[in-house]
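Student: A single structure is presented below for examination.
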Amino acid sequence: MRPLLLLSALLLTLVCFSQDKNSYDSVLAKKWGADQYGMKQYVMAFLKKGSKTVDSSQRNQLIQGHLKNIGRLAKEGKLLLAGPFLDNGDLAGIFIFNVTTVEEAKNLVATDPAVKAGIFDMELHPWYGSAALMQVATLHRSVQKTSITD
């Protein structure tokens, strides 16, 4: 967990210090809810392997439901970033929710069929990051040829 926090801090630092001070857009900052530093509060979720095991057919159904739920939350603007870790460890992936409280994020997590079934658990933390994350979904649609849920 500590390496992830260090990586997040490093990425945050790189983003903050790599920006041109002359390109400030007050309209965009307001639209995205940015503070004076171009940052805002989110909730980060660490998706962990859960304690329940299911057969492969049921797991595939739950994963498809999980992916569809990710798509729905992204379309609603509640989920800004999601993705798996590729090392097959206990830490399965991350979400960054566009909410300001852990309680709001818990309500969103409760809609995930894989979490409900216990094959995944979520660990939620308030997180402070670049307000530019608000644009990730739009940019992703520009480079996505095929939806993962199709």
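In case it helps, mature numbering (1 follows the signal peptide of the UniProt record, and there is no 0) puts the sequence shown at residues -18 to -1, 1 to 132. A virtual CB, placed ideally from N, CA and C, is assigned to each residue, including glycine. As the structure is a computational prediction, the values presented were derived from the model and not from experiment.
1. Could you give the C-beta distance for M26 and I76, rounded to a whole number, given that I count them as a contact under 8 Å?
2. Taking K88 and L106 to be in contact with their CB atoms under 8 Å, please state how far apart those CB atoms are, rounded to whole angstroms.
3. Have a look at N70 and K34 and give me their C-alpha separation to the nearest angstrom.
4. For Y110 and K22, what's the separation of their Cα atoms in angstroms?
5. List the DSSP bridge partners of I76.
6. Could you name the residues that DSSP lists as bridge partners for Y19?
7. For the alpha helix (DSSP H) containing E86, name the first residue and the last one.
8. Please return the same chain residues whose Cβ sits closer than 7 Å to the Cβ of I101, not counting the five positions on each side in sequence.
9. In whole angstroms, what is the alpha-carbon distance linking D103 and L121?
10. Assuming A119 and A56 form a contact by the criterion Cβ under 8 Å, report the distance between their Cβ atoms to the nearest whole angstrom.
11. Pull up the DSSP beta-bridge partners for W109, would you.
Tutor: The short version:
1. 6 Å
2. 7 Å
3. 16 Å
4. 6 Å
5. F28, G65
6. Paired residue(s): none; Y19 is not in a bridge.
7. 84 to 91
8. G32, K34, V36, R41, L44
9. Separation of D103 and L121 (C-alpha to C-alpha, rounded to the nearest whole angstrom) is 29 Å.
10. 5 Å
11. According to DSSP, residue pairing for W109 in a beta bridge involves Y24.
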